[in-house]
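A.B. asks: Take this structure, written in structure tokens, and hold onto it; I'll ask about it next.
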Amino acid sequence: MMDERARPGWFTTLVSRRAVLATGTAGLVAPAAMTLGAAGSHDSASARAGTVRKVTVYAEALPGNLYGYGLEPGRATIPGPVLEIYEGDTLEITLVNNTDRRMSIHPHGVDYSVESDGSPLNASFNNPGETRTYIWRSREMFLASGRRWMPGSAGYWHYHDHAMGTDHGTLGIARGLYGALVVRRRGDILPDKQFTVVFNEMSINNQVAPNTPMFEANLGQRVEWIAIGHGNQFHTFHLHAHRWADNRTGMLEGPTDPSQVVDNKDLNPGSSFGFQVLAGEGVGPGAWMYHCHVQNHSETGMSGIFLVRTADGGMPPGAQEAIDRFHGHAHGTAAAQAPEPAPSPADGQAQHQHSSSR
């Protein structure tokens, strides 16, 4: 039986997404209990002063020659916990390396010094057993010279190892050392549920179907998806029966918002995006697929289930049967390379009739 810690999202699902916004001390607090305030002023080149938020992250070995990040000793997961801050905040990460390998933590989308780069290029990493502090800063957008606006840090980003195995951290990423980093604007809508999906080579969260994570929400709950790409393969992320605006949040800001509405988006190595949907909105509860839309990737195991339960948390009619079919489907190289079935006599007759009618 698989060790619980190796299950994608285990413990991350136990720790509410609202608990991963670290406070200015070592404790944790829910954003709902925080004063969000209005958006900061954008009339100066200086970033809005924020809070220094401190969090300790533990890097640990997992079963199956995998590795993960966690917020407590013995609680590492793949992917690691979602780290969240608001624009203007500073995140101070104390990384404890409880592995026997060199490793680090490197962010996308935020500001940092060379000492907090997380790369061997800048001698920024943890040796085996070493504890090191990394400081990541964020800022709000601001008005620069020439009446131009400089972008802030808000977005769906990610973090990962950059030092294990090679000087580029190839082994750490391959073995599961990655997670989501969210920088919000004050006033952003917070979700009820939050899911992280990482396409890493030909796996989802280092698992392949039918063992990929099944994400669950109740009808009408606001669900936030964070999609991250790693490895060497090019992918697309598709979510059945749900769609989102291709912008920072996935939501339209008004009836004239020109953002394209999509249900499929490229998810390539090093890229990331996020969006929010209302579970089952317009379509109802059920077992809905999410998968890479490169067909041979989906066939070889890059697919999973988004289970939308009824509003009271019940199993919708037909959903369990759909889940059972998913677990019974052929996944793997043989499925992708299976020859096309021979046409049935009825198919041949239909083809003959179609040809005759030309």
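The letter at position 257 of the sequence shown is residue 257 when you use the numbering used here, and the numbering goes up by one with no holes.
Where is the CB? At the ideal position from N, CA and C, for every residue including glycine.
Being a predicted model, the structure only gives us computed values, none of them experimental.
Secondary structure at VAL277, three-state DSSP: helix, strand or coil?
C.D. replies: The answer is strand: DSSP assigns VAL277 an E or B state.
A.B. asks: Using only the alpha-carbon positions, how far apart do ALA144 and THR90 sit?
C.D. replies: Computed Cα separation, rounded: 22 angstroms.
A.B. asks: Which word fits VAL283, buried or exposed, when buried means at least 16 other C-beta atoms lie within 10 angstroms of its C-beta?
C.D. replies: The residue is exposed, with fewer than 16 neighbouring Cβ atoms inside 10 Å.
A.B. asks: For the stretch 141-158 against the stretch 208-221, are there 3 or more C-beta pairs whose distance is under 8 angstroms?
C.D. replies: Contact between the stretch 141-158 and the stretch 208-221 is absent, because fewer than three Cβ pairs lie under 8 angstroms.
A.B. asks: Assess, as a yes-or-no matter, whether the stretch 94-102 is touched by the stretch 191-198 under the definition of 3 or more beta carbon pairs within less than 8 angstroms.
C.D. replies: Judged by Cβ distances under 8 angstroms, the stretch 191-198 makes no contact with the stretch 94-102, as fewer than three pairs qualify.
A.B. asks: If we count the other Cβ atoms within 10 Å of its Cβ and call it buried at 16 or more, is GLN260 buried or exposed?
C.D. replies: GLN260 comes out exposed.
A.B. asks: Check for me: the alpha helix (DSSP H) holding GLN320 runs from which residue to which?
C.D. replies: Unbroken alpha helix (DSSP H) run through GLN320: 319-328.
A.B. asks: Applying the 10 Å Cβ sphere with the 16-neighbour rule, what's the burial state of ALA47?
C.D. replies: For ALA47, the predicted model reports a pLDDT of 43, less than 50, meaning its position is unreliable; a value from the coordinates is still stated below. Counting Cβ neighbours within 10 Å, ALA47 comes out buried, since at least 16 surround it.
A.B. asks: Output the distance between the C-alpha atoms of ASP347 and ASN268, rounded to the nearest integer angstrom.
C.D. replies: Interpretation of ASP347 is limited by its pLDDT of 46, a score under 50 that renders its predicted location unreliable; the figure taken from the coordinates is listed afterwards. Roughly 39 angstroms between the two C-alpha positions.
A.B. asks: Quick check on this structure: which residue in ALA287, GLU299 and ALA311 has the alpha carbon closest to the alpha carbon of ALA322?
C.D. replies: Ranking ALA287, GLU299 and ALA311 by Cα distance to ALA322 puts ALA287 first.
A.B. asks: Using only the heavy atoms of the ligand MN, determine whether one of them is closer than 8 angstroms to the beta carbon of GLY80.
C.D. replies: Of ligands this structure carries none, so the ligand MN is not represented either.
A.B. asks: Per the DSSP calculation, ILE173 is bridged to which residue(s)?
C.D. replies: Note: ILE173 sits in no beta bridge, so no partner.
A.B. asks: Return the CA-CA distance between GLY270 and ILE189, expressed in angstroms with no decimal places.
C.D. replies: Approximately 26 angstroms between the Cα atoms of the pair.
A.B. asks: Would you tell me roughly how many angstroms separate the C-alpha atoms of THR310 and ARG184, rounded to the nearest one?
C.D. replies: Each residue's alpha carbon lies about 30 angstroms from the other.
A.B. asks: For GLY231, which residues of its own chain have a beta-carbon under 6 angstroms away from its beta-carbon, when the five flanking residues on both sides are left out?
C.D. replies: Cβ within range, chain order: ASN200, GLU201 and PRO269.
A.B. asks: Using the beta-carbon count (16 or more within 10 Å), is ASN206 buried or exposed?
C.D. replies: So ASN206 ends up on the buried side.
A.B. asks: What separation, rounded to the nearest whole angstrom, lies between the Cα atoms of SER344 and LEU171?
C.D. replies: Low local confidence applies: a pLDDT of 47 at SER344 is under 50, so the model's placement there is unreliable, with the coordinate-based value given in what follows. Near 49 angstroms, if we compare the C-alpha coordinates of LEU171 and SER344.
A.B. asks: For the 8 angstroms Cβ check, are there 3 or more pairs between the stretch 270-280 and the stretch 239-248?
C.D. replies: Segments in contact, yes.
A.B. asks: By DSSP's criteria, THR94 is part of a beta bridge. Which residues make up the other side?
C.D. replies: THR56 and THR133.
A.B. asks: Under a three-way DSSP split, which group does ARG147 fall into?
C.D. replies: Three-state result, ARG147: helix.
A.B. asks: By the 10 Å Cβ neighbour count, where 16 or more other Cβ atoms means buried, how is ALA123 classified, buried or exposed?
C.D. replies: Burial call: exposed.
A.B. asks: According to DSSP, is PRO107 part of a helix, a strand, or is it coil?
C.D. replies: Looking at PRO107 - three-state DSSP - the assignment turns out to be strand.
A.B. asks: Quick one: grab the DSSP three-state call for GLN295.
C.D. replies: Looking at GLN295 - three-state DSSP - the assignment turns out to be helix.
A.B. asks: Alpha carbon to alpha carbon, how far is ASP167 from MET103? Give it in angstroms, no decimals.
C.D. replies: Answer to the nearest angstrom: the Cα atoms are 10 angstroms apart.
A.B. asks: Could you spell out the range, first to last residue, of the beta strand (DSSP E) harbouring ILE78?
C.D. replies: Per DSSP, ILE78 belongs to no beta strand (DSSP E) and is neither H nor E.
A.B. asks: In the DSSP assignment, what residue or residues form a beta bridge with ILE189?
C.D. replies: Per DSSP, none; premise fails for ILE189.
A.B. asks: Can you give the Cα-Cα distance for MET253 and SER138, rounded to whole angstroms?
C.D. replies: In the sequence under discussion, the amino acid at residue 253 is Glu, which differs from the Met named in the question. Approximately 23 angstroms between the Cα atoms of the pair.
A.B. asks: Tell me whether the beta-carbon of GLY304 lies closer than 9 angstroms to the beta-carbon of ALA209.
C.D. replies: For GLY304 and ALA209, yes; Cβs fall inside 9 angstroms.
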